[in-house]
């Protein structure tokens, strides 16, 4: 192609992200429209991991016994107040760690915009079916029910994501808002 035949251009700094390109003849003109399909992926922010103590099943009597028998008088060996505090914290936290189990939980930093009540309800149902299925053999009806629920959740989430992004792109009324939305979709802002 020469510069005389190039009328419409699609220029990109990242040609490896272009999955498809071509022309489309709308039939109302002898000038074809050009198009490109950009392969974008949603980048999720990593979850925040928090630890918390589970006081539900603590044996209070054993905890009190260990607190009573702890050698607290070791703190008198230190002259500095900060050293005494460090010693007390070290002893106390050691006893608590022995009696109160800590639990690790992943917390998503932001809610996904396509998550609605119906999706959450389906996810909870899927999780409950998984817990039931784990107690049964692999080829039982519980596992079949779980797999159906899992597939239903996957397709529901895909359709909700598609609806959300389609609606967002339809509502973008300027080039600036469009590219801002593309950045949001890619997870850059």
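In my numbering, the protein residues as written are 7 to 195. By construction, the Cβ of each residue, glycine as well, lies at the ideal position given by its N, Cα and C atoms.
* If you draw a straight line from the alpha carbon of residue 133 to that of residue 169, how long is it in whole angstroms? -> 24 Å
* Asked: Since residue 70 is in the beta strand (DSSP E), which residue starts that stretch and which ends it?
  -> Unbroken run through residue 70 is the alpha helix (DSSP H), 66-75; no beta strand (DSSP E).
* Asked: Which one of 37, 45, 55 and 149 has the shortest CA to CA distance from residue 110?
  -> Answer by Cα proximity: 55.
* Report the three-state DSSP secondary structure of residue 184 (helix, strand or coil). => helix
* Under the assumption that residue 78 contacts residue 97 (Cβ atoms under 8 Å), give the Cβ distance between them as a whole number of angstroms. => 7 Å
* Does any C-beta atom of chain C lie closer than 8 Å to the C-beta of residue 147? -> Looking for chain C here will not work: only one protein chain is present.
* When burial is assigned at 16 or more other CB atoms within 10 Å of the CB, is residue 139 buried or exposed? -> buried
* Secondary structure at residue 152, three-state DSSP: helix, strand or coil? -> helix
* Residue range of the alpha helix (DSSP H) that includes residue 99 -> Its alpha helix (DSSP H) spans residues 87-105.
* Just grab the DSSP bridge partners of residue 24 for me. => Bridge pairing for residue 24: 44 [DSSP].
* Beta-carbon separation of residue 114 and residue 32 under 8 Å? -> no
* Do the segment 12-20 and the segment 28-45 make contact, defined as three or more Cβ pairs closer than 8 Å? -> yes
* Pair within 8 Å by beta-carbon distance, residue 93 and residue 80 -> Yes; because the gap between Cβ atoms is below 8 Å, this pair is in contact.
* Just reading off the alpha helix (DSSP H) that residue 127 is part of, what are its end residues? -> 123-139
* Asked: Excluding sequence positions up to five away, which residues of its chain have a Cβ less than 8 Å from the Cβ of residue 187?
  -> 174, 175 and 178
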